[in-house]
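Q:
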Amino acid sequence: MTLSEIADGKLAPRLGIKLDNISKRYGDNTVLDDVSLHVEPGTVTALIGPSGAGKSTFLRCINLLERPDSGTIQVDQHTIEPGKDVNSRDLAALRRTVGMVFQSFNLFPHMSALKNISFPQQKVLGRSKDEADERSMQLLERVGLKEKAHQHPGRCSGGQQQRIAIARALALDPSIMLFDEPTSALDPEVGLEVLAVMRELAADGMTMIVVTHEMQFARDVSDTLVVMADCRIIEQGDPRAIMSDPQEARTRRFLRAVLER
Amino acid sequence: MTWLTEWAGYLPQMMSGLSVSLLIAGVSIVAGYPLGLILSVMVSAKNLAVRTLALAVVEIGRGAPALVILYLFYYGLPKFGIAFESITAACLALIWNSAAYSSEIMRAGIQSVGRGQLEASNALGLAQRHTFFRVVLPQGLRSAIPGLMGVAIQMFQGTSLAYAIAVPELMKSAYNIGSQDFNYLQIFTLAGLCYAAISMPATWITVFFEKRLARHA
Ligand SMILES: Nc1ncnc2c1ncn2[C@@H]1O[C@H](COP(=O)(O)OP(=O)(O)OP(=O)(O)O)[C@@H](O)[C@H]1O
Ligand SMILES: [Mg+2]
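Sequence order for the protein chains is L and E.
Just so we're aligned: 27 in my numbering is position 27 of the first sequence, and the numbers increase by one with no gaps anywhere.
Just so we're aligned: 309 in my numbering is position 48 of the second sequence, and the numbers increase by one with no gaps anywhere.
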């Protein structure tokens with residue numbers, strides 16, 4: 001069985017996402033300047049770029065953790081214009097469709113690993129405790145952490161916590177997964193455990209947008225590489241092509257800086 | 262030696278005073294903390310009127326000496342036709358006190374919960390009420406435990422103020438005994454020991470919780 005097939009027999013539909021003309025300012029400080037990105041269903045998009053480029057902000061605009069000042073977000077049948085009032089039904093639908101994994105895991109420290117994964121299923125999807133726990137155990141097993149089910153996150157290593165966080169997001173059967181530097185807080189070796197889970201997810205056909213500094217992951221796993229700098233997307237396309245022959249001087253400079261580290 | 266035997270004779274009367282003190286402290290905590298929680302939420306409400314009201318209640322409760330509030334309840338309110346028995350007035354004044362202090366501690370606890378927790382909860386699509394009651398509040402209150410225990414001890418010691426309106430609590434019992442044979446030194450030493458016998462172990466427990474929380478932070 002594959003990671004995304006573990007849902008109650010049925011697969012979450014594979015959806016793409018269309019982001020058009022997203023702009024975001026903090027006061028006078030423009031952070032996103034008219035950014036558009038279309039992601040095909042079942043593809044992996046790696047988002048790279050220098051610190052402060054706006055990568056996290058852009059990612060967080062997709063599920064409205066950050067409210068863009070203008071632009072449109074289109075997922076499935078839903079079109080959301082965050083500049084205007086967003087009704088709570090659309091917001092709930094968007095958040096149910098889009099799962100997110102954070103750099104700092106953000107597991108709930110007062111709940112066991114199992115509870116972390118089951119609790120949102122019960123509240124958001126209305127699953128019974130038994131249904132939710134069953135699904136949680138399947139996912140824990142899949143990320144290799146069945147024995148950690150009854151441990152609290154404080155008792156788990158960073159890599160284990162991040163895998164639990166991935167399971168927590170997957171438990172809601174999202175069609176799209178967002179990752180914001182999921183391995184940046186981890187030792188390289190531990191990061192590999194997490195990347196392995198993400199590779200599987202990609203192989204299963206999950207639509208993914210991954211902000212990352214892991215160039216190897218970006219090259220091997222992603223279908224599209226997107227380079228952001230100075231509040232906008234400066235280059236996008238085939239990851240190997242961009243890495244071997246970047247068109248923009250800014251991309252070249254950034255790639256040299258990362259690869260020479 | 263004579264002190265000890267005399268103390269043993271005073272003890273029954275002292276115990277009845279102590280039980281009244283504990284009752285007042287218990288009521289002020291059991292009723293005051295839930296009110297404090299409500300105030301702590303109201304203080305960060307969007308509605309200006311709600312926020313102002315809550316802030317006023319908290320600031321008066323913390324700013325005015327408990328004795329002033331006590332007198333207002335006991336001597337002041339009858340002017341408006343509202344009269345309380347002395348023990349009720351004492352409870353109400355200390356409830357206000359404990360609600361005000363505990364609300365500040367709980368507010369700080371709730372604010373100490375990391376932004377990441379809220380973001381994760383929002384990203385999962387959890388409703389506001391689930392985010393607050395199941396994610397933020399348990400963590401916020403956990404870190405507030407030592408502070409709340411401190412307020413509880415403070416409330417217990419604060420019950421001695423009720424002496425001023427003739428509530429038959431520990432201090433009043435001590436004073437009554439003392440005025441019979443003028444053994445004030447002995448009897449107030451005993452009273453002090455009674456307060457300490459409750460407060461000190463409570464303080465040790467608080468320190469224990471503080472250490473435990475620090476370890477798990
Ligand atoms: N809440 C905020 N208020 C004000 N400015 C912010 C806020 N969040 C982000 N910014 C600013 O927006 C810009 C983009 O930040 P963002 O976190 O999106 O960058 P990033 O590309 O993810 O960088 P990094 O690689 O360091 O994570 C930065 O200049 C940052 O200072
Ligand atoms: Mg970032």
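Note that CB positions come from ideal geometry on N, CA and C, so glycine has one too.
Could you work out which residues of chain L lie near A381/E, taking near to mean beta carbons separated by less than 7 Å?
A: On the second sequence, position 120 is the one that residue 381/E refers to. Going along chain L in sequence order, the residues near A381/E (Cβ under 7 Å) are F102, N106.
Q: If we cut at 8 Å on Cβ distances, does L309/E have a partner in chain L?
A: Here residue 309/E corresponds to residue number 48 of the second sequence, with the count starting at 1. Answer no: the Cβ-Cβ gap between L309/E and chain L never drops below 8 Å.
Q: For the region 53 to 80 of chain L, which residues have a beta carbon sitting closer than 7 Å to at least one beta carbon of chain E?
A: N63, L65
Q: In this structure, what does DSSP give as the bridge partners for D180/L?
A: Position 180 of the first sequence holds residue 180/L. Note: D180/L sits in a beta bridge opposite V211/L.
Q: Please work out which residues of its chain come closer than 6 Å, Cβ to Cβ, to R250/L, disregarding the five sequence neighbours upstream and downstream, and give them in chain order.
A: Counting from one through the first sequence, the residue named residue 250/L turns up at place 250. Cβ within range, chain order: A229, I234.
Q: Can you determine whether any heavy atom of ligand 2 sits closer than 7 Å to the C-beta of V98/L, and answer yes or no?
A: As a working note, residue 98/L is residue 98 in the first sequence. Flag unset: Cβ of V98/L not near ligand 2.
Q: Determine the closest residue to S70/L out of V226/L, D245/L, D20/L, with distance taken between C-alpha atoms.
A: Looking up residue 70/L in the first sequence gives position 70. Closest by alpha carbon: D20/L.
Q: Along chain E, in chain order, which residues have C-beta atoms closer than 8 Å to that of H110/L?
A: For the purposes of this step, residue 110/L is taken as the residue at position 110 of the first sequence. The contacting residues are P399, Q400, R403.
Q: Measuring CA to CA, which of F341/E, Y335/E, M303/E, A354/E is closest to P326/E?
A: Sequence index remark: in the second sequence, residue 326/E carries index 65 (1-based). Checked all of F341/E, Y335/E, M303/E, A354/E; the closest Cα to P326/E is A354/E.
Q: Return yes when the C-beta of A53/L is under 7 Å from any heavy atom of ligand 1, and no when it is not.
A: Residue mapping note: residue 53/L aligns to position 53 of the first sequence, counting from 1. Yes, the Cβ of A53/L comes within 7 Å of a heavy atom of ligand 1.
Q: Kindly indicate if chain E contains any beta-carbon less than 8 Å away from that of I6/L.
A: For the purposes of this step, residue 6/L is taken as the residue at position 6 of the first sequence. Since pLDDT at I6/L reaches only 49, below the 50 mark, its modelled position is unreliable, and no value is offered.
Q: Between the region 408 to 430 of chain E and chain L, which residues of the former have a C-beta closer than 8 Å to a C-beta of the latter?
A: none
Q: Compute the Euclidean distance between the alpha carbons of G9/L and P41/L, then round it to the nearest angstrom.
A: Translated into positions along the first sequence, residue 9/L becomes position 9. Translated into positions along the first sequence, residue 41/L becomes position 41. For G9/L, the pLDDT reaches just 43, beneath the cut-off of 50, and the residue's location in the model is therefore unreliable, leaving the point undetermined.
Q: Measure the C-alpha to C-alpha separation of P174/L and P13/L and round it to an integer number of angstroms.
A: Here residue 174/L refers to the residue found at position 174 of the first sequence. Here residue 13/L refers to the residue found at position 13 of the first sequence. Roughly 9 Å between the two C-alpha positions.
Q: Would V44/L pass as a contact of V210/L if the rule is Cβ separation under 8 Å?
A: Taking the first sequence and counting its residues from 1, one reaches residue 44/L at position 44. Taking the first sequence and counting its residues from 1, one reaches residue 210/L at position 210. Yes, these two residues count as a Cβ contact at 8 Å.
Q: Looking at the structure shown, is L64/L part of a helix, part of a strand, or coil, going by DSSP?
A: The sequence position of residue 64/L within the first sequence is 64, counting from 1. Of the three classes helix, strand and coil, the one that applies to L64/L here is coil, per DSSP.
Q: Kindly examine ligand 2 and report whether one of its heavy atoms sits closer than 7 Å to the Cβ of S460/E.
A: Sequence index remark: in the second sequence, residue 460/E carries index 199 (1-based). No, Cβ of S460/E sits at least 7 Å from all heavy atoms of ligand 2.
Q: Going straight from the alpha carbon of S244/L to that of T30/L, what length do you get?
A: For the purposes of this step, residue 244/L is identified with residue 244 of the first sequence, where counting begins at 1. For the purposes of this step, residue 30/L is identified with residue 30 of the first sequence, where counting begins at 1. Their backbone Cα atoms lie some 31 Å apart in a straight line.
Q: Taking C-alpha atoms, which residue in R232/L, Q77/L, S51/L, L107/L lies nearest to Q400/E?
A: Against the second sequence, residue 400/E aligns to sequence position 139. Measuring from the Cα of Q400/E, the nearest candidate turns out to be L107/L.
Q: Are F179/L and M206/L closer than 8 Å when you measure CB to CB?
A: What you label residue 179/L is simply residue 179 of the first sequence in a count that begins at 1. What you label residue 206/L is simply residue 206 of the first sequence in a count that begins at 1. No. Outside cutoff.
Q: Could you tell me how far apart the beta carbons of F105/L and Q161/L are, in whole angstroms, since I believe they sit closer than 8 Å?
A: Taking the first sequence and counting its residues from 1, the one referred to as residue 105/L is at position 105. Taking the first sequence and counting its residues from 1, the one referred to as residue 161/L is at position 161. Their Cβ separation, rounded to whole angstroms, is 4 Å, which keeps F105/L and Q161/L in contact under 8 Å.
Q: Use the C-beta contact count for N308/E: other C-beta atoms within 10 angstroms, 16 or more gives buried, fewer gives exposed.
A: Stepping through the second sequence from its first residue, residue 308/E is reached at position 47. Result: exposed.
Q: How should N87/L be labelled, buried or exposed, when 16 other C-beta atoms within 10 angstroms of its C-beta is the threshold for buried?
A: Within the first sequence, residue 87/L is the residue found at index 87, counting from 1. The residue is exposed, with fewer than 16 neighbouring Cβ atoms inside 10 Å.
Q: Per DSSP, G42/L forms a beta bridge with which residues?
A: The residue given as residue 42/L occupies position 42 in the first sequence. According to DSSP, G42/L bridges with nothing at all.
Q: Report yes if the C-beta distance between G386/E and R95/L is below 8 Å; otherwise report no.
A: In the second sequence, counting from the first residue as 1, residue 386/E sits at position 125. In the first sequence, counting from the first residue as 1, residue 95/L sits at position 95. Taking 8 Å as the Cβ cut-off, G386/E and R95/L qualify as a contacting pair.
Q: Assuming E81/L and K24/L are in contact, meaning their beta carbons sit under 8 Å apart, how far apart are those beta carbons, in whole angstroms?
A: In the first sequence, counting from the first residue as 1, residue 81/L sits at position 81. In the first sequence, counting from the first residue as 1, residue 24/L sits at position 24. The C-beta distance from E81/L to K24/L rounds to 14 Å, too long to fall under 8 Å, and the pair is not in contact.
Q: Within 10 angstroms of its Cβ, does M446/E collect 16 or more other Cβ (buried), or is it exposed?
A: Within the second sequence, numbered from 1, the residue matching residue 446/E stands at position 185. In the sequence as presented, Met is not what sits at residue 446/E; that position holds Leu. Exposed, because fewer than 16 other Cβ atoms sit within 10 Å of the Cβ of L446/E.
Q: Might you give, ordered along the chain, the residues of its own chain that have their beta carbon closer than 6 Å to the beta carbon of Y424/E, omitting 5 neighbours on each side?
A: Reading the second sequence from its first residue, position 163 is the one you call residue 424/E. Contacts found: M432, K433.
Q: In chain E, which residues lie less than 9 Å from V227/L when you measure between Cβ atoms?
A: Here residue 227/L refers to the residue found at position 227 when the first sequence is read from its first residue. The premise fails here: V227/L is roughly 25 Å from chain E at the closest Cβ pair, so nothing lies under 9 Å.
Q: Could you pull out every residue in the same chain whose Cβ sits closer than 8 Å to the Cβ of V304/E, ignoring the five residues on either side in sequence?
A: On the second sequence, residue 304/E is found 43 positions in, with the first residue counted as 1. Answer for V304/E: R312, A315, L316, V319, S364, R368, listed in chain order.
Q: Quick check: is the beta carbon of R95/L nearer than 8 Å to any beta carbon in chain A?
A: Reference to chain A is not applicable here, since the protein chains of this structure are L and E.
Q: By how many angstroms is the C-alpha of L451/E removed from the C-alpha of M410/E?
A: For the purposes of this step, residue 410/E is taken as residue 149 along the second sequence, with counting starting at 1. For the purposes of this step, residue 451/E is taken as residue 190 along the second sequence, with counting starting at 1. Their Cα atoms are separated by approximately 24 Å.
Q: Under 7 Å: does the beta carbon of E214/L sit that close to some heavy atom of ligand 2?
A: Stepping through the first sequence from its first residue, residue 214/L is reached at position 214. No, Cβ of E214/L sits at least 7 Å from all heavy atoms of ligand 2.
Q: Between A435/E and F449/E, how many whole angstroms is the CB-CB distance? I'm expecting something under 8 Å.
A: Locating residue 435/E in the second sequence gives position 174, where the first residue counts as 1. Locating residue 449/E in the second sequence gives position 188, where the first residue counts as 1. Sure, about 6 Å apart at Cβ, within 8 Å.
Q: At 8 Å on the CB atoms, spell out the chain E contacts of A167/L, in chain order.
A: The residue you call residue 167/L lines up with position 167 of the first sequence. The contacting residues do not exist; A167/L stays about 12 Å from chain E at best.
Q: Quick check on N437/E: buried or exposed, where buried means 16 or more other Cβ atoms within 10 Å of its Cβ?
A: Residue numbering aside, residue 437/E sits at position 176 when the second sequence is read from its first letter. It is exposed - the Cβ of N437/E has fewer than 16 other Cβ atoms within 10 Å.
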